[in-house]
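Below: one structure, written as structure tokens.
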Amino acid sequence: MAERLSLDEVRHVAKLARLRLTNEELEQYRSQLSAVLEHIAKLNEVDVAGVEPMAHPSDVTNRLDEDVVGESMPVEQLLAIAPAVEGQFLAVPKVLGEETGP
Amino acid sequence: MTTSASIVTTRLKIGMEIHVELATKSKMFSRSANLAHPDHYDAAPNSLVDPMVAALPGVLPVMNKQAVEMAMMVGIALGCTIARVSKWDRKNYFYPDLPKGYQISQYDLPLCCDGELHIPGADGTTKRIGIIRAHLEEDTGKLGHELPGGKPYNGSLVDLNRAGTPLLEIVTHPDLESAQDAVTFGKELRNLCRFLGVSEGIMQRGHMRFEPNVNVIIRTDDGNEFATPIVEIKNLNSFRALRGAIEHEHKRQVEAWAEEGVVQATGLKSTRGWDDARLITVLQREKEEADDYRYFPDPDLIPVVVSDEWRQNVAARIPELPMQRRRRYQEQYKLSAKDALALTDDRDPCMFYEQCVDACVAGRGSQAQVGSACAKLLLNAGAKRANERGCGVHELGISPGQVAQIIELRDQEAIGSTAADELFGLLCDSDDNAQAVAEQHGLLQVRDEGQLDRWCEAAIEAQPQAADDFRSGKAAAIGRLVGQVMKVSRGQADAKAAKEKLTQKLGRG
């Protein structure tokens, strides 16, 4: 049985998803997510000893493309759908700290 | 100091994560051109983007066969087991250089596992560095904070050209014991990738990035050992930064331990960045835990299954590797470990050397003999000029055929070693035959007895002290006189004949 999520856990998951939640919403998601987890936890009851883990429901493997250069989008087309641009770059609010992500 | 004992030794313990951009023609999961391929190095910002890279709705990734095979080649060359089944996972996090909101990577079933790389030491021995795994993933875009021309921009500028470049992440065991080990490992791995043709390894273009995990084992005089907390240093993109960051961490961690006495424990690992201007490492924000990335199998991609046949097929395409060539040069050409290492530490000069040997063999001669003669010429006359001109020996302008001609003139004793060196220099700027250039510049050895006699007279006159020393029994003084003969003859005298002549003249013949 899955234990009921703590408020801190819900806050943490919301932060990872970049969601700003009110206290009311935190409570609401706490019960909803807990119920989802409890439902999924039923799977723990299945005996899977000796069963190979499945990476994908399809039996198909090795769908590979040859390494041949295809088309890129025209730059104008990419820039046209961006919320903000600066020259040929996509412009976003300043990211402090490091050059790249984790 | 938390203990009254004093420090006897401090020993670095370093494991590395290395990211290598693979130089396929197209991206990892779509067919837009790859920034890490030489054809696209200088592509205009955001010109190598397709709907998959931009994460437009409805797109589906399709693996690049060549990227998988390049990763297999590196894995096989590192002695790794190639997984029969590997799969793709999503690593979720939000960052402007990652339009999908997740990076496609391999979490629990990487393509390559359990390998090793033997790095050469200065003394001719090698050290085994264990490889834990090597897995494939996709690179992210790049964030800048300056407009073209260097004007600062109050925000971040995203260029997605690099997003989707196939990236091989290689993880080592903590077997490296010094900054020098880490640098040697990095260079050896880069060289290996170049020989395999999977990456040009140009550091300035970010083709390779290093993330060392560093801590220090401190021994005190009361016989105790302490391990300092592990620090991960992010994104080092030059060998200078790699060396500097590790050396700084060594010092900093020992000082921090002496002051606070904190030792390694779960949850104490921290992340630091390298400040290239101040030459120190700086604490960065705490890294998200692995759980926070919410890895899960990517439903858009199916597993890769590598049959024995496919693996053997890829293995058969692996050329002779630098470490194998190194061994062969020592056995076949009787080269010293040091010379063999110098000839193989970079692909292009090494290939040039082999072309020179081939050109000599085509002319005549046993391979063992010309192998050693070419090595000597390239490591002396060649290395000197390559160093002066700041290029590789293969870029000096002299051709393998011309090198072979110099070796042949030397073999026929038509030129001396000084003349060979000068001729090498002249041929860097000439397409003419070595014999013709040697004649034109008077470099061929003169066998005229009268001429040799006159040069010897001149040498004795110029170096009376050496002549006296020799007469009074100091045999070594003859060297100065022979040197003088070679100088006045501009290398045209035969040193052996000059020595005989001088000995005769000074009455000791």
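These protein sequences, in sequence, are chains A and B. Using my numbering, count along the first sequence one by one with no gaps and you end on 107. Using my numbering, count along the second sequence one by one with no gaps and you end on 1081. Every residue, glycine too, gets a C-beta built ideally from N, C-alpha and C.
Residue i versus residue j - alpha carbon distance
i       : j       : result
B/A626  : B/N809  : 26 angstroms
B/G1022 : B/E980  : 27 angstroms
B/A1031 : B/L913  : 40 angstroms
B/C644  : B/D711  : Checking the sequence shown, residue 644 of chain B turns out to be Met, not Cys. Distance between the alpha carbons of B/M644 and B/D711: 18 angstroms.
B/D917  : B/K597  : 26 angstroms
B/D847  : B/N885  : 45 angstroms
B/K823  : B/T800  : 12 angstroms
B/E821  : B/N785  : 10 angstroms
B/N618  : B/N733  : 5 angstroms
A/E103  : B/L740  : Low local confidence applies: a pLDDT of 45 at A/E103 is under 50, so the model's placement there is unreliable, with the coordinate-based value given in what follows. Using only the alpha carbons, I get a separation of about 21 angstroms.
B/L764  : B/S771  : 9 angstroms
B/S514  : B/P682  : The first residue shown for chain B is 573 and the last is 1081, placing residue 514 of chain B beyond what the model contains.
B/D731  : A/V80   : 11 angstroms
B/D930  : B/N959  : 25 angstroms
B/M573  : B/V835  : Caution applies to B/M573, whose pLDDT of 46 falls short of 50 and renders its modelled position unreliable; the value that the coordinates give is listed next. Those two C-alpha atoms are separated by around 13 angstroms.
B/L719  : B/G673  : 25 angstroms
B/D622  : A/L84   : 12 angstroms
B/F767  : B/D1040 : 57 angstroms
B/E903  : B/T698  : 17 angstroms
B/V1054 : B/A1067 : 7 angstroms
B/K1071 : B/Q984  : 19 angstroms
Integer Cβ distance of residue i from residue j, believed to fall under 8 angstroms
i       : j       : result
B/L729  : A/E91   : 6 angstroms
B/K659  : B/Q638  : Actually they do not touch by this definition, with Cβ atoms about 19 angstroms apart.
B/Q1017 : B/A986  : 6 angstroms
B/S938  : B/L907  : So it is not a contact: roughly 15 angstroms between Cβ atoms.
B/K956  : B/D1025 : In fact, because the Cβ distance is near 33 angstroms, the residues do not count as touching under 8 angstroms.
Boundaries of the beta strand (DSSP E) in which residue i is found, first to last residue
i       : result
A/A40   : Where A/A40 is concerned, there is no enclosing beta strand (DSSP E), although the alpha helix (DSSP H) it sits in stretches over 28-45.
B/S1082 : Since the first residue of chain B shown is 573 and the last is 1081, residue 1082 of chain B is not available in this structure.
B/K637  : From DSSP, B/K637 is part of no beta strand (DSSP E) but of the alpha helix (DSSP H) over 637-649.
B/D661  : 661-664
B/Q675  : 674-677
B/A799  : 797-799
B/F601  : Unbroken run through B/F601: none, as it is neither H nor E.
B/I691  : 684-692
B/A894  : According to the sequence displayed, residue 894 of chain B carries Pro and not Ala. It is not in any beta strand (DSSP E) - B/P894 instead sits in the alpha helix (DSSP H) that spans 894-904.
B/S989  : It is not in any beta strand (DSSP E) - B/S989 instead sits in the alpha helix (DSSP H) that spans 989-999.
B/L715  : 714-718
B/D847  : 842-847
B/A706  : 698-710
Min CB distance residue i to chain A below 8 angstroms
i      : result
B/D614 : no
B/A655 : no
B/K823 : no
B/R705 : no
B/A595 : no
B/A817 : no
B/A643 : no
B/Y571 : An answer regarding residue 571 of chain B cannot be provided, because it is not within the stretch 573 to 1081 covered by chain B.
B/K659 : yes
B/Q776 : no
B/R603 : yes
B/V876 : yes
B/N785 : no
B/F868 : no
B/L620 : yes
CB contact check: residue i to chain B, cutoff 8 angstroms
i      : result
A/D70  : yes
A/Q37  : no
A/A160 : Residue coverage of chain A in this structure runs from 6 to 107, which leaves residue 160 of chain A outside it and unanswerable.
A/A85  : no
A/E103 : Note that A/E103 scores a pLDDT of 45, beneath 50, so its modelled location is shaky and nothing firm can be said.
A/E91  : yes
A/L12  : no
A/V74  : yes
A/R5   : Lying before the first or after the last residue shown, residue 5 of chain A is absent from chain A, which here runs from 6 to 107.
A/V65  : yes
A/K99  : yes
Residue i - containing alpha helix (DSSP H), residue span
i       : result
B/N787  : Note, B/N787: premise wrong, no alpha helix (DSSP H); beta strand (DSSP E) at 780-792.
B/G758  : 751-768
B/K1071 : 1067-1077
B/G943  : 939-949
B/V886  : 880-887
**Item:** At least 3 beta-carbon pairs within less than 8 angstroms: the segment 1010-1017 of chain B vs the segment 991-1000 of chain B
**Value:** Under the three-pair Cβ rule at 8 angstroms, the segment 1010-1017 of chain B counts as touching the segment 991-1000 of chain B.
**Asked** Does the segment 869-879 of chain B touch the segment 52-67 of chain A, meaning 3 or more C-beta pairs lie closer than 8 angstroms?
**Response** Short answer: they touch.
**Request:** Could you say if the segment 586-603 of chain B and the segment 775-783 of chain B meet the contact criterion of at least three C-beta pairs nearer than 8 angstroms?
**Result:** Touching, yes, given that three or more Cβ pairs across the two stretches are closer than 8 angstroms.
**Item:** Meets three-Cβ-pair contact criterion under 8 angstroms: the segment 599-614 of chain B and the segment 809-819 of chain B
**Value:** Segments in contact, no.
**Request:** Count the CB pairs spanning the segment 597-606 of chain B and the segment 646-659 of chain B that are closer than 8 angstroms, and state whether there are at least three.
**Result:** No, the segment 597-606 of chain B is not in contact with the segment 646-659 of chain B.
**Prompt:** So does the segment 964-978 of chain B actually touch the segment 916-932 of chain B, counting three or more Cβ pairs closer than 8 angstroms?
**Reply:** Three or more Cβ pairs closer than 8 angstroms define a contact, and the segment 964-978 of chain B meets that threshold against the segment 916-932 of chain B.
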